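In the numbering used here, the protein residues as written are 11 to 142.
Here a beta-carbon is modelled for each residue, glycine too, at the ideal position from N, C-alpha and C.
All of these numbers come straight from a predicted model, not from anything done at the bench.
Worksheet: the structure to be examined is printed underneath.
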Amino acid sequence: MNTVDIIIAIPILYFGYKGAVNGFVKEILNIVGITLAIFLTFNYMDAFGDIIAPFFEDTPEYIPFASGVILFLGTLIIIAVIAYLTKKFLEAVKLGAVNRVVGALFGALKASMIVSAGLLLISGFNVPAEET
């Protein structure tokens, strides 16, 4: 194995392990949670800012930041609770092992996509080829 292969294998193995530990459900809900948190934050930050404005009468310049942080973190917390409850349910119906195996495969797939994107980005630069 050469150095490039090891550099590529390390994140794939790490994310595969992390996926096995977390399970498929938690991995998927993490991605969904971050996407949903970004969407909700940018679409409802102003409306939520109007709701929390009475709490920031002395410092109204902090309203957009505070509403964005509350929406983002609140969404992530709600999704984390849903992921935890779903994981416990799967363990109760004896699907915990399946959740972990599929989670490992999904984690490795996710890492492969990240590594591929990185290699594609690097290939756009004029990196000299190794002379043989």
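Residues near Met123 in its chain [Cβ-Cβ closer than 6 angstroms; skip 5 each side]: Nothing meets the Cβ criterion.
Three-way DSSP call (helix, strand, coil) for Lys104 in this model: Three-state DSSP puts Lys104 in coil, outside helix and strand.
Minimum C-alpha distance to Gly128 - residue among Met11, Ile22, Asn12: For Gly128, the nearest C-alpha among the options comes from Ile22.
Per-residue DSSP class, three states only, for Met150: Because the chain here runs from 11 to 142, residue 150 falls outside it and cannot be looked at.
Phe126, buried or exposed, once every other Cβ within 10 Å from all chains shown has been counted against 16: The identity of residue 126 in the sequence shown is Ser, whereas the question assumes Phe. Here Ser126 is exposed. Its C-beta has fewer than 16 other C-beta atoms within 10 Å.
Among Leu119, Leu100, Leu46, Ile38, the one whose alpha carbon lies nearest that of Leu83: For the residues Leu119, Leu100, Leu46, Ile38, the minimum Cα distance to Leu83 belongs to Leu46.
Straight-line gap, Val31 to Pro64 (C-alpha atoms, nearest Å): Answer to the nearest angstrom: the Cα atoms are 43 angstroms apart.
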